[in-house]
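Chains as they are written, first to last, in the UniProt record's numbering: chain D, 1 to 356; chain B, 1 to 504.
For glycine and all other residues, C-beta sits at the position ideal for the given N, C-alpha and C.
If you're wondering where the values come from, they're calculated on a predicted model, not measured in any experiment.
A quick write-up on the structure given underneath.
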Ligand SMILES: Nc1ncnc2c1ncn2[C@@H]1O[C@H](COP(=O)(O)OP(=O)(O)OP(=O)(O)O)[C@@H](O)[C@H]1O
Ligand SMILES: [Mg+2]
């Protein structure tokens, strides 16, 4: 008997759907071992996670709140992936978007709610967009690798926001904490159902719909797909690839920037340290797992939301260390990414030593 | 004679397509065995199953009497089966030497460059190939790249060589050289599976021919049993070969006027040198010449893909010397490029999307910023049936189409716009007999409607059959014109080797 690994010629839709499901189950089994080792019945723990994350209005709303920035950032990153452009700077773009929105909220002098909302949106959109657009110009004009540029600019963005909140934008009444003043009521998103769920979530869904239409139904989206598939052929057909590269990176960063808006205007009402706890990086994984589809981004983001909320509850109920929660989340991700392997390859047992 | 390879009842399906239905055939040691079949009959798929790239749904294979199950091309290579693919893959930025080295087994970390270079050079000399080991691959012609693939396999010492349409990208001279190499290999006892659509070649080289039709092997014939007619009839079956007739109605109006064009290539040498040509309305102007004498540069200069160093191109009264591909397309030039894979298609998009690649901005296919999906789909349905494209289930990427069908997608796209000028490089390369005839018909019909064609082809028969005039190129210059009704193959051959002649 011999074990061989073969590349699959094709993978069916059923497999593409079932492999991630199976991998989640396997991850739960593994994590169950860990939980058991901590002296807790895994079934209880899972019931708890599920209950906390989706079992109550409060839990469900928290899950959606957590998923919101992930949807935005995931959409942004996956848009760039569509054109084989690797924007791994969503984290920085979130910060820049948040910064733009904050500037409008605190210093523009506007007071009308809708005017504020629209201006804040534009500011976040443009700031995030330009931040990624830098990489776009460098790539389109001088073929500078966008991976490095977008990554490096994360640090610049985060440190720049730090500078603002430690320095010029620090709230004078804030007891020297590194935060800005609170936004006025007019500069905040509406909340729903007496929970923290805010308009940002619905804006994210709307964004996903728009992006889907943009990619699948418009002439522009068609060009992006052709360029992503074969830039040489696209150029030959008269498409302007340089402009498209910039536009896609701009839009990708702009959508990530709106995640920043949604966080400051919907949740925190101020700019402060750590407004994004790595959402921009999680977005890369989300975009990967979602396989370029906008609907996929929403589904995967919701799943991540469940993991985040449920993980927190484990920590609170059983006093499991935070490291445990991370390990748990890591395991799930690990197996999800691993399922990709089984979608592309198959493992086979062959009789006889002479396998060929 | 014991068989080297036995293939029994192979079946292979892809979602929505039965690529191979039931295929059986054998290959004897020292035999050159040809696979013949229409585009999409399953030849490449069968070879991919044989080398372990694909895995059959059912069926058996035996190598030297022993059942085998290959899991990857590397696996089959280690058992002495090597393949040159229809669309081969080299690392373009690397040199020939490096590309060949990559394919070798057990090259130590710190290898002796000289040793390997000598080994490769010896092989190149044995087979009298014209290949510079230090050249960068991207600068080489597709034909030369094919030699690299072949050398890789020869160095690995394969006992069964599979060549998937090798001659599609070779000049007739190179084909002769390839056949010489194949005969040499045959004498060394190696077996060869050869795929080609060109009947002349099949007749010349094959010991046996197996005919594939719609995924099944329908007959295997020995040398004495076949001739071109028998093979064609078996292959095509009930399908009729389209018929066409040429009527002379070329006018004296000049649609394209090329004046003293000079184009330099990547090495700074002249690809076109003071080249002048006039194309008349409704004319099919054949361009003959040994490959590499500037034909490709001419096509690329005309379609805006190449910088023009000197001279001018006029379309009607418009100077279009310095316009981009887009601009020249607007002035009505359609282009069937030589290098299909790299500039002809977007492999991840489906047939419908590929068919509108140059006309996506047309109001026919859009409503404002939105695409008109229904019109795009209807366009695809019409083209697919008109050009008999075997496209697989709707929405599947063009990448999965067979080589000939990809070619048909490009031709359908370029010719559907009723272009005023068509620049076609080897338009029937890789097409089966029926499809090639159909393309000829489309070009001739187009000429009847006033389309002017610059037809660049290697096959002199094709040129003589289609062209109104034949221009012969040599070293980037126009040697002279020939009248296809009066000239002979020999005369054109002489001109192709540079012999000057008076213009008619
Ligand atoms: N990976 C794949 N996925 C789906 N369909 C495929 C795949 N590979 C091949 N096919 C289909 O199988 C059929 C046979 O294709 P194949 O490439 O073997 O034809 P062929 O005989 O080599 O034709 P040609 O002369 O044009 O090269 C085609 O209809 C093709 O679309
Ligand atoms: Mg083929």
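If you draw a straight line from the C-alpha of residue i to the C-alpha of residue j, how long is it?
i: residue 61 of chain D; j: residue 110 of chain D; result: 30 Å
i: residue 236 of chain D; j: residue 436 of chain B; result: 25 Å
i: residue 157 of chain D; j: residue 51 of chain B; result: 52 Å
i: residue 452 of chain B; j: residue 467 of chain B; result: 11 Å
i: residue 339 of chain D; j: residue 19 of chain D; result: 6 Å
i: residue 354 of chain D; j: residue 101 of chain B; result: Unreliable placement is indicated for residue 354 of chain D, whose pLDDT of 42 sits below 50; no coordinate value is reported for it.
i: residue 95 of chain B; j: residue 128 of chain B; result: 20 Å
i: residue 499 of chain B; j: residue 274 of chain B; result: 17 Å
i: residue 221 of chain D; j: residue 291 of chain B; result: 39 Å
i: residue 3 of chain B; j: residue 63 of chain B; result: 8 Å
i: residue 356 of chain D; j: residue 75 of chain B; result: In this prediction, residue 356 of chain D scores a pLDDT of 36, lower than 50, which makes its location untrustworthy; the coordinate-derived value is nonetheless stated afterwards. Taking the straight line from one Cα to the other gives about 7 Å.
i: residue 481 of chain B; j: residue 374 of chain B; result: 47 Å
i: residue 65 of chain D; j: residue 370 of chain B; result: 33 Å
i: residue 287 of chain B; j: residue 90 of chain B; result: 30 Å
i: residue 336 of chain D; j: residue 227 of chain D; result: 29 Å
i: residue 77 of chain B; j: residue 446 of chain B; result: 47 Å
Report the option in the options whose CA atom is closest to the CA atom of residue i.
i: residue 141 of chain D; options: D:259, D:162, D:244 and D:131; result: D:244
i: residue 192 of chain B; options: B:408, B:41, B:251 and B:166; result: B:166
i: residue 278 of chain D; options: D:83, D:8 and D:151; result: D:151
i: residue 263 of chain B; options: B:288, B:296, B:255 and B:280; result: B:296
i: residue 125 of chain D; options: D:251, D:88, D:299 and D:213; result: D:251
i: residue 85 of chain D; options: D:91, D:76 and D:171; result: D:76
i: residue 221 of chain B; options: B:215, B:154, B:429 and B:210; result: B:210
i: residue 184 of chain D; options: D:67, D:44, D:268 and D:40; result: D:268
i: residue 122 of chain B; options: B:10, B:13, B:151 and B:81; result: B:151
i: residue 178 of chain B; options: B:148, B:157 and B:158; result: B:148
i: residue 29 of chain D; options: D:241, D:46, D:296 and D:275; result: D:46
i: residue 233 of chain D; options: B:46, B:106, B:342 and B:202; result: B:342
Which residue marks the beginning of the beta strand (DSSP E) containing residue i, and which one marks its end?
i: residue 453 of chain B; result: 452-456
i: residue 61 of chain B; result: 58-63
i: residue 6 of chain B; result: 5-14
i: residue 278 of chain B; result: 270-280
i: residue 34 of chain B; result: 32-37
i: residue 212 of chain B; result: 208-213
i: residue 473 of chain B; result: 469-474
i: residue 509 of chain B; result: Because chain B spans 1 through 504 in this model, residue 509 of chain B falls outside it and cannot be assessed.
i: residue 422 of chain B; result: 421-425
In this structure, how does DSSP classify residue i when only helix, strand and coil are distinguished?
i: residue 222 of chain B; result: strand
i: residue 76 of chain B; result: helix
i: residue 546 of chain B; result: The displayed coordinates of chain B run from 1 to 504. Any statement about residue 546 of chain B would go beyond what the structure contains.
i: residue 326 of chain B; result: Any reading at residue 326 of chain B must be qualified, since the residue scores a pLDDT of 47, below 50, and its modelled position is unreliable; the value itself is stated next. Residue 326 of chain B falls in the helix class under three-state DSSP.
i: residue 263 of chain B; result: strand
i: residue 291 of chain B; result: coil
i: residue 199 of chain B; result: helix
i: residue 361 of chain B; result: coil
i: residue 66 of chain B; result: strand
i: residue 272 of chain D; result: strand
i: residue 503 of chain B; result: With a pLDDT of 49 at residue 503 of chain B, under the threshold of 50, the modelled position of that residue is not reliable, and the figure given next carries that caveat. Reduced to three states, the DSSP call for residue 503 of chain B is coil.
i: residue 285 of chain B; result: strand
Can you name the start and end residues of the alpha helix (DSSP H) that residue i belongs to?
i: residue 340 of chain D; result: 322-344
i: residue 386 of chain B; result: 373-386
i: residue 477 of chain B; result: Careful: residue 477 of chain B lies outside any alpha helix (DSSP H), inside the beta strand (DSSP E) at 477-482.
i: residue 140 of chain D; result: 113-142
i: residue 163 of chain B; result: Premise fails: residue 163 of chain B lies in the beta strand (DSSP E), 160-164, not in any alpha helix (DSSP H).
i: residue 71 of chain B; result: No alpha helix (DSSP H) contains residue 71 of chain B, which DSSP labels as neither H nor E.
Go ahead and label residue i buried or exposed: buried means 16 or more other beta carbons lie within 10 angstroms of its beta carbon, across all protein chains shown.
i: residue 318 of chain B; result: exposed
i: residue 176 of chain D; result: exposed
i: residue 347 of chain D; result: exposed
i: residue 353 of chain B; result: buried
i: residue 48 of chain B; result: buried
i: residue 56 of chain B; result: buried
i: residue 383 of chain B; result: buried
i: residue 325 of chain B; result: For residue 325 of chain B, the predicted structure reports a pLDDT of 49, less than 50, and the residue's modelled location is therefore unreliable. The matter cannot be settled from this model.
i: residue 223 of chain B; result: exposed
i: residue 92 of chain B; result: exposed
i: residue 110 of chain B; result: exposed
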